[in-house]
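Residue numbers (the numbering used here): 243 to 401. For each residue, glycine too, the CB sits at the ideal point set by N, CA and C. Quick caveat, the model's predicted, so the values are computed rather than measured. Below is one structure, written out as structure tokens; the observations come after it.
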């Protein structure tokens with residue numbers, strides 16, 4: 243199974259990239275996580291809807307090239323389902339059994355286009371609090387690693 247994080251925004255602070263890279267390299271060969279960063283649409287005189295539509299095109303292109311058009315799309319959304327780490331581990335296990343690629347999508351500063359969000363197979367949230375996008379990337383990959391560690395009986399996660 244291929245796991246891809248598609249995130250709107252090309253630049254993150256060095257600390258966030260270092261943290262992300264640290265967790266990404268911990269995954270075993272059979273479950274590699276790839277990051278596909280896509281360009282944020284410049285504000286200019288465009289409306290939020292226009293910016294979200296442009297970012298949606300970039301997101302869909304990134305998903306198709308990374309995992310194919312039949313990928314399971316999981317939108318990170320503040321209104322999504324709250325998951326415990328154990329519930330994420332169960333989801334990860336299910337995704338692995340299904341065998342298809344999974345794209346976890348982090349929207350831009352104005353969020354994901356509403357139609358894209360609704361079309362996603364799942365909508366989950368990382369926190370009840372608003373997080374900076376760089377922090378969301380780090381938190382997501384850490385939780386994916388923790389979920390893997392639970393499923394693999396690795397000692398990283400402790401109850």
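Alpha carbon to alpha carbon, what distance is there between residue j and residue i?
| i | j | result |
| --- | --- | --- |
| residue 336 | residue 270 | 17 Å |
| residue 247 | residue 297 | 15 Å |
| residue 374 | residue 323 | 19 Å |
DSSP beta-bridge partners for residue i?
| i | result |
| --- | --- |
| residue 186 | Nothing about residue 186 can be read from this structure; the chain reaches only from 243 to 401. |
| residue 364 | 316 |
List the endpoints of the continuous beta strand (DSSP E) containing residue i.
| i | result |
| --- | --- |
| residue 346 | 344-348 |
Would you mind sorting residue i into buried or exposed? The rule is 16 or more other CB atoms within 10 Å of its CB.
| i | result |
| --- | --- |
| residue 282 | buried |
| residue 390 | buried |
| residue 371 | exposed |
| residue 319 | buried |
| residue 306 | exposed |
| residue 382 | buried |
Grab the span of the alpha helix (DSSP H) containing residue i for me, first residue to last.
| i | result |
| --- | --- |
| residue 327 | 327-340 |
| residue 376 | 375-393 |
Alpha helix (DSSP H) segments (min. 4 residues) lying fully within the region 243-312: 256-266 and 290-309
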